[in-house]
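K.L.:
Sharing a structure here in structure tokens format.
Number of protein chains: 2
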Amino acid sequence: MSLVVIGTLAYDSVETAHDSRDGALGGSAMYFSVAAAPYVTPRLVGVVGGDWNPEHMALMADRGVDVSGVETVADGKTFRWGGRYEPDWNTRHTTFTDLNVLESFEPKLPESFKDSDFVFLANAHPQVQMQGLAQVKAPKFSVADTMNLWIEVARPDLDQLLTKIDGLILNDEEARMLTGENNLIRAAKKVLDLGPKVVVLKKGEHGAFIMGEGLHFSLPAYPVTEVIDPTGAGDCFAGGFMGAIAKEGNASPETLKRAMLHGTVAASYCVQGFSVEDIGKRSLADYDERYQDLLSIVTL
Amino acid sequence: MSLVVIGTLAYDSVETAHDSRDGALGGSAMYFSVAAAPYVTPRLVGVVGGDWNPEHMALMADRGVDVSGVETVADGKTFRWGGRYEPDWNTRHTTFTDLNVLESFEPKLPESFKDSDFVFLANAHPQVQMQGLAQVKAPKFSVADTMNLWIEVARPDLDQLLTKIDGLILNDEEARMLTGENNLIRAAKKVLDLGPKVVVLKKGEHGAFIMGEGLHFSLPAYPVTEVIDPTGAGDCFAGGFMGAIAKEGNASPETLKRAMLHGTVAASYCVQGFSVEDIGKRSLADYDERYQDLLSIVTL
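Listed in order, the protein sequences are those of chains A and B.
So for the first sequence, our numbering puts the first residue at 487; every next one is plus one.
So for the second sequence, our numbering puts the first residue at 487; every next one is plus one.
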């Protein structure tokens, strides 16, 4: 079934303790699409500037992403973000954020995207997320991401969004900030009280869990032995998660549990390279192989 | 089958952000025994001073622990330890360590303990651990714990111990210190190169994994919604783990995986109270109930 993602495309400047990339392909919806592409043809909605390299559009299209929903503002500049990681990977410093064309971004879904069955609202202002969601005629299952910034500066909008979506994906820090609960199980339950039917709580290298009515499933991260760049791991998790759901065509508890493994696999390939240098080359066979490996690690 | 544990009995003074206990029943072998008792009759080897409260011996005996290997040094004082936890639980400060009778402790196994099938060497100087192990005639499966102190001050002894035991249980920080590897998967593999057939790597609230020849199984922690005191959680994990192995009577990969769940269950009860205030009251039925709950959370 069809899957649409609304979010950002970016050029990222990333420094790790070992290496760096300047102006690398980035953005939440870009990572999501590249991660989901082995499962479905992700419909990508976003905006870039006149500085966007056509080769990057070709890269995504070759990967199997439907890029017809990417708007180009010829006289604008693409969103740019810079980040630096501490050697332990757990601390990330944002070195700069140039919103550029993102500042006035209003998602416009092509007609052909409006019948999408599954919807992912990548990290953006909750008003933008709601604008995107409103254009999908009859979503079977919609999931949003968010971040600390929106919890702080757009809480009323975020609260409204939470009543309109089926699922929320967020990390441990965001869950604590959103709910005021330090304990993550209690935090997840409080998120459910805010509206979503399911919540996926990501804990980085410590895995993730999903919770909902009659649903509680917890999973360690895939044991990657060499992390190169964690940027985009959360978006790739979401891409693998939603891609698997769209491929199965339903969001039953059984599908959602399997989707947690698919998300974990996608995130593990993501961190093995800068930008989409690793995951962008991974085939469905690669995904399947690692899925089986992960399954063996978590099965009694 | 039979299970012997060699380690400490102590009086602990613990402060958390919410409450405190002074002179509470503690010690690695005490926690281990109380945790393992629903599965087998743990044979406890340790030492206490003349200040030991007979009620505490009765408490352990009532729980089903064989305390005939606990030596009393009438003119000595029991080992005392003090610790304080930061509100996030992740940082523990040792406020004092009075070794007392532990300073000259040489484990002496009663004759009736020497035929033990399964052996746990709780945290102690590796020479003491080897002295204990040497008294067991034909151990089927022996596992040791260790700590940063011994990695720093008794590395040659620890290296020798590692060639004599079947398994090592340690936490993430200890694994990194022992191997010089930051990545935990690589650290675990390096531990195996040092001698043990299996390694159990504990990550506190983030769960644990076990690795060995043809064995790799990873598990999240049980989702406890209110932590009261984490002291002894690692020892209780070991108690549940070894207790389940002794009950099953073998250390096959399948048994070891199930034992990881049993250890996780025991640790989860431990942290729900100070000292053994919670886990000391837990029946086999309680253990089974939570085992099934945990199993449902990690099963696809």
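Beta carbons: idealized from backbone N, C-alpha and C, even for Gly.
In angstroms with no decimal places, state the Cα-to-Cα distance between ASP728(B) and PRO528(B).
P.N.:
Along the second sequence, one-based indexing puts residue 728(B) at 242. Along the second sequence, one-based indexing puts residue 528(B) at 42. Per the sequence shown, residue 728(B) should be read as Met rather than Asp. Cα-Cα distance, rounded: 10 angstroms.
K.L.:
In chain order, what residues of the same chain lie with their CB nearer than 6 angstroms to the CB of ARG570(A), ignoring the 5 residues before and after it?
P.N.:
Against the first sequence, residue 570(A) aligns to sequence position 84. Same-chain partners within the cutoff: GLU501, HIS579, THR581.
K.L.:
Could you tell me if the beta carbon of CYS722(B) falls within a distance shorter than 7 angstroms of some heavy atom in the ligand NAD?
P.N.:
This structure does not include the ligand NAD; it has no bound ligands of any sort.
K.L.:
Take every Cβ of the segment 533-541 of chain A, pair it with every Cβ of the segment 558-572 of chain A, and state whether three or more of those distances are shorter than 8 angstroms.
P.N.:
Output reads yes: the segment 558-572 of chain A touches the segment 533-541 of chain A.
K.L.:
Under a three-way DSSP split, which group does PHE518(A) fall into?
P.N.:
For the purposes of this step, residue 518(A) is taken as the residue at position 32 of the first sequence. Helix.
K.L.:
Closer than 8 angstroms is the cut-off here; do at least three beta carbon pairs connect the segment 488-495 of chain A with the segment 600-619 of chain A?
P.N.:
Flag = yes, the segment 488-495 of chain A and the segment 600-619 of chain A touch.
K.L.:
How would you label HIS748(A), buried or exposed, when you count the other beta carbons within 10 angstroms and need 16 or more for buried?
P.N.:
Start at 1 with the first residue of the first sequence, and residue 748(A) comes out as number 262. By the 10 Å Cβ count, HIS748(A) comes out buried.
K.L.:
Note down the Cα distance separating LEU780(A) from SER704(B), rounded to an integer number of angstroms.
P.N.:
Counted from its first residue, the first sequence places residue 780(A) at position 294. Counted from its first residue, the second sequence places residue 704(B) at position 218. Their backbone Cα atoms lie some 9 angstroms apart in a straight line.
K.L.:
Taking 8 angstroms as the cut-off, decide whether the C-beta atoms of ALA730(A) and TYR525(A) are in contact.
P.N.:
Taking the first residue of the first sequence as position 1, residue 730(A) is located at position 244. Taking the first residue of the first sequence as position 1, residue 525(A) is located at position 39. Closer than 8 angstroms, so yes.
K.L.:
Going by Cα to Cα distance, which pick from THR558(B), LYS594(B), PHE518(B) is closest to ARG549(B)?
P.N.:
Translated into the one-based positions of the second sequence, residue 549(B) becomes position 63. If we check each option's Cα against that of ARG549(B), PHE518(B) comes out closest.
K.L.:
In its own chain, which residues sit with a C-beta less than 6 angstroms from the C-beta of ASP652(B), not counting the 5 before and 5 after it?
P.N.:
Working through the second sequence from its first residue, we reach residue 652(B) at position 166. Cβ within range, chain order: PHE627, SER628, LYS683.
K.L.:
Measuring CA to CA, which of MET516(A), GLY718(A), LEU511(A), LYS623(A) is closest to ASN657(A)?
P.N.:
Locating residue 657(A) in the first sequence gives position 171, where the first residue counts as 1. When only C-alpha atoms are compared, the closest one is GLY718(A).
K.L.:
Would you tell me roughly how many angstroms separate the C-alpha atoms of LEU701(A) and SER769(B), rounded to the nearest one?
P.N.:
For this step, residue 701(A) is matched to residue 215 along the first sequence. For this step, residue 769(B) is matched to residue 283 along the second sequence. Cα to Cα, LEU701(A) sits roughly 27 angstroms from SER769(B).
K.L.:
Given a threshold of 16 other Cβ atoms within 10 Å of its Cβ, counted over all protein chains shown, does SER754(B) qualify as buried or as exposed?
P.N.:
Looking up residue 754(B) in the second sequence gives position 268. So SER754(B) ends up on the buried side.
K.L.:
Can you list, in chain order, the residues of the segment 671-688 of chain B whose Cβ is nearer than 7 angstroms to any Cβ on chain A?
P.N.:
Cβ contacts with chain A: ILE671, ARG672.
K.L.:
By DSSP, does MET697(B) sit in helix, in strand, or in coil?
P.N.:
Here residue 697(B) corresponds to residue number 211 of the second sequence, with the count starting at 1. In this structure, MET697(B) counts as strand in the three-state DSSP scheme.
K.L.:
Given that HIS692(B) touches chain A, what residues does it touch there, using C-beta distances under 9 angstroms?
P.N.:
Here residue 692(B) corresponds to residue number 206 of the second sequence, with the count starting at 1. Those are LYS689, GLU691, HIS692, GLY693, PRO706, listed as they occur along chain A.
K.L.:
For ASN634(A), does the three-state DSSP call read helix, strand or coil?
P.N.:
Looking up residue 634(A) in the first sequence gives position 148. Of the three classes helix, strand and coil, the one that applies to ASN634(A) here is helix, per DSSP.
K.L.:
Which residues mark the beginning and the end of the beta strand (DSSP E) in which GLU501(A) is found?
P.N.:
Start at 1 with the first residue of the first sequence, and residue 501(A) comes out as number 15. Residues 496-501.
K.L.:
In chain B, which residues lie with their C-beta within 8 angstroms of the C-beta of LEU656(A)?
P.N.:
Stepping through the first sequence from its first residue, residue 656(A) is reached at position 170. Under the 8 angstroms cutoff, chain B gives no residues; its nearest Cβ is about 17 angstroms from LEU656(A).
K.L.:
Residues in the segment 633-646 of chain A with C-beta within 7 angstroms of chain B's C-beta atoms, listed in sequence order?
P.N.:
Answer set for the segment 633-646 of chain A: empty.
K.L.:
May I have the straight-line CA-CA distance separating ASP721(A) from GLY690(A), to the nearest angstrom?
P.N.:
Sequence index remark: in the first sequence, residue 721(A) carries index 235 (1-based). Sequence index remark: in the first sequence, residue 690(A) carries index 204 (1-based). If I take the Cα positions, the gap works out to 12 angstroms.
K.L.:
Where does ASN586(B) land, buried or exposed, given buried means 16+ other C-beta within 10 angstroms?
P.N.:
Mapped onto the second sequence, residue 586(B) falls at position 100. Buried is the call here.
K.L.:
Tell me whether the beta-carbon of THR711(B) lies closer than 8 angstroms to the beta-carbon of ASN669(A).
P.N.:
As a working mapping, residue 711(B) is identified with position 225 in the second sequence. As a working mapping, residue 669(A) is identified with position 183 in the first sequence. Taking 8 angstroms as the Cβ cut-off, THR711(B) and ASN669(A) qualify as a contacting pair.
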